[in-house]
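Numbering-wise, the sequence shown is residues 102 to 426 according to our numbering. Input: a single structure, listed below in structure tokens.
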Amino acid sequence: MRLTVLAGGVGGSTFIRGLLKARPDAEITVVGNTADDITLFGLRVCPDLDTVMYTLGGGISKERGWGREDETWVIKEELAEYGVEPTWFGLGDRDVATHLVRTQMLDAGYGLTAVTEALCQRWKLPVRLLPMSDDRVETHVVVDDPEQPGKRKAIHFQEYWVRWHAEVTAHQIVAVGQDKAKPAPGVLEAIAEADVVLIPPSNPVVSVGTILGVPGIRDAVRETKAPVIGLSPIIGTGPVRGMADKVLAAVGVASTASAVARFYGSRTTGGVLDGWLIDTSDSIQADSIAGAGIHVQAVPLWMTDETTTAAMADAALNLAEAVRR
Ligand code: GDP
Ligand code: CA
């Protein structure tokens with residue numbers, strides 16, 4: 102079975118671990134979000150690709166959920182001693198090695214797809230990890246300037262997320278460079294040739310939204326013969342972890358499972374979803390989702406451990422079979 106997953110960082114990779122447990126023999130392609138990418142101190146950093154790589158490769162910090170286990174912070178401390186900015190981004194020593202290899206290969210002329218493949222070899226990744234695009238796309242957020250009251254400015258998504266914890270009001274989210282970006286080699290094929298396309302409980306705006314926004318990818322999802330099944334990242338009226346509600350508000354979408362389903366839209370009306378899993382506590386929203394032309398089922402959606410997450414993956418694949426019939 103060929104499965105293609107459109108994934109952000111923590112939500113996406115946690116789900117994929119469950120998927121691997123549920124279907125150990127499946128051939129899984131992960132299309133990763135690269136709109137979070139940022140250049141710091143000359144190093145190209147790809148937070149979501151690295152979260153997938155470290156999580157599935159066994160190198161992730163379990164405590165933090167991002168970055169490396171057994172990390173040390175000497176480089177960060179030394180940079181701070183020199184007084185250079187930014188100081189708010191957590192670049193650990195082990196992690197820096199990844200960014201050095203990546204930057205060196207990019208500078209030598211390799212595309213991000215080839216670089217990612219090379220990095221993943223070390224981790225013996227049980228999936229194929231593709232960036233959404235080899236072209237540079239960077240999410241910027243127009244916010245109330247935290248330092249100049251009454252003014253607005255555009256800042257990099259990482260500054261909004263990591264430095265300001267999404268606590269400054271976001272007015273607009275712009276994926277800079279996206280209009281001219283091309284899907285990375287293999288992405289459109291992985292969507293067209295999949296048996297099932299999965300949208301994990303990832304951020305609908307700045308993870309899955311930016312992947313779908315690369316010209317050609319949304320159309321490929323609309324047109325694939327495979328059922329497309331998503332899992333809600335929202336339970337009740339808020340994100341399970343993180344601050345997805347803030348970026349949903351910035352694009353005018355309520356933080357409910359039903360509003361996010363409508364934001365993705367049904368494939369019967371030009372959207373990307375055939376099926377949508379919501380949490381059992383949200384089952385009252387099922388009728389409204391079904392009314393939008395999306396097959397819906399309520400199951401427990403808290404990824405508390407691998408067994409529960411595997412059951413979610415299983416439910417998604419069963420819904421795909423029901424949709425196919
Ligand atoms: P990021 O790139 O690291 O922000 O990660 P993703 O975009 O892949 O996923 C972030 C989303 O995952 C957030 O909107 C969370 O609400 C969602 N999420 C995290 N943990 C869980 C969980 O246990 N269950 C569900 N349903 N969603 C979750
Ligand atoms: Ca991310």
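Here a beta-carbon is modelled for each residue, glycine too, at the ideal position from N, C-alpha and C. All values derive from a computational prediction rather than experimental measurement.
Cα-Cα separation, Arg425 to Arg145: 41 Å
Nonlocal neighbours in the same chain, by C-beta distance under 8 Å from Ala271, ignoring five residues either side: Val242, Val243, Val244, Tyr261, Lys347, Val348, Ala350, Ala351
Backbone CA spacing between Asp380 and Leu402 [nearest angstrom]: 5 Å
Cβ contact check for the segment 136 to 151 and the segment 186 to 193: 3 or more pairs under 8 Å: yes
Within 7 Å of ligand 2: residues by beta-carbon to any heavy atom: Gly109, Gly110, Asn134, Asp137, Pro148, Asp149, Asn304, Val307, Ser308
Leu332 beta carbon less than 8 Å from that of Met413: yes
Distance between Ile312 and Arg237 (C-alpha atoms, nearest Å): Cα to Cα, Arg237 sits roughly 12 Å from Ile312.
Cα-Cα separation, Gly429 to Gly210: Within the shown structure, residues of the chain are numbered from 102 to 426, placing residue 429 beyond reach of any answer.
Rounded C-alpha distance that separates Asn419 from Ala123: Answer to the nearest angstrom: the Cα atoms are 11 Å apart.
Boundaries (first-last residue) of the beta strand (DSSP E) holding Gly133: 128 to 133
Residues near Gly278 in its chain [Cβ-Cβ closer than 8 Å; skip 5 each side]: Taking C-beta separations shorter than 8 Å and ignoring five residues to either side along the sequence, the partners of Gly278 in its chain run Asp236, Arg237, Val238, Glu239, following chain order.
C-beta atoms of Arg496 and Thr410 nearer than 8 Å: Since the displayed the chain opens at 102 and closes at 426, residue 496 lies outside it and no answer follows.
Beta-carbon contacts of Val306 that lie in its chain and below 7 Å, excluding the five residues immediately before and after: So the list reads Ile274, Val348, Leu349, Val352, once near-sequence residues are dropped.
Which residues DSSP lists as bridging Ala351, in chain order: Looking at the DSSP assignment, Ala351 forms no beta bridge with any residue, so it has no partner.
Cβ distance (whole Å) where Ala416 is taken to contact Val400 below 8 Å: Distance from Ala416 to Val400 at the Cβ level is roughly 5 Å; contact confirmed, criterion being Cβ atoms closer than 8 Å.
The segment 173 to 184 touching the segment 213 to 220, judged by at least three CB pairs closer than 8 Å: no
Whole-Å CB distance - Val297 paired with Ala108, under 8 Å assumed: With 8 Å as the limit, Val297 and Ala108 do not qualify as a contact, their Cβ atoms being about 14 Å apart.
Spatial distance of Leu226 from Thr217 (CA atoms): 11 Å
Close beta carbons around Met206, own chain, < 8 Å, minus the five adjacent residues each side: Ala215, Val216, Ala219
Three-state secondary structure (DSSP) of Asp171: coil
Length-filtered (3 minimum) beta strand (DSSP E) runs lying within the segment 375 to 420: Fully enclosed beta strand (DSSP E) runs of 3 or longer: 376 to 379, 396 to 399.
Cβ-heavy atom distance, Ile129 to ligand 1, below 7 Å: no
As assigned by DSSP and simplified to three states, the class of Lys254: It is a strand residue.
Nearest-angstrom beta carbon gap, Leu230 and Leu121 [assumed within contact, 8 Å]: With a contact defined as Cβ atoms closer than 8 Å, Leu121 and Leu230 miss out at about 13 Å.
Ranges of the beta strand (DSSP E) found wholly within the segment 306 to 378, counting only runs of at least 3: 329 to 332
Neighbour-count burial assignment, Asp388, 16 or more Cβ in a 10 Å radius: exposed
Sub-8 Å separation of His396 and Asp375 beta-carbons: yes
8 Å Cβ cutoff met for Pro301 and Gly112: yes
Cβ-based burial, His266 [other Cβ within 10 Å; buried from 16]: exposed
Per-residue burial, Thr135 [other beta carbons within 10 Å of its own, 16 or more giving buried]: buried
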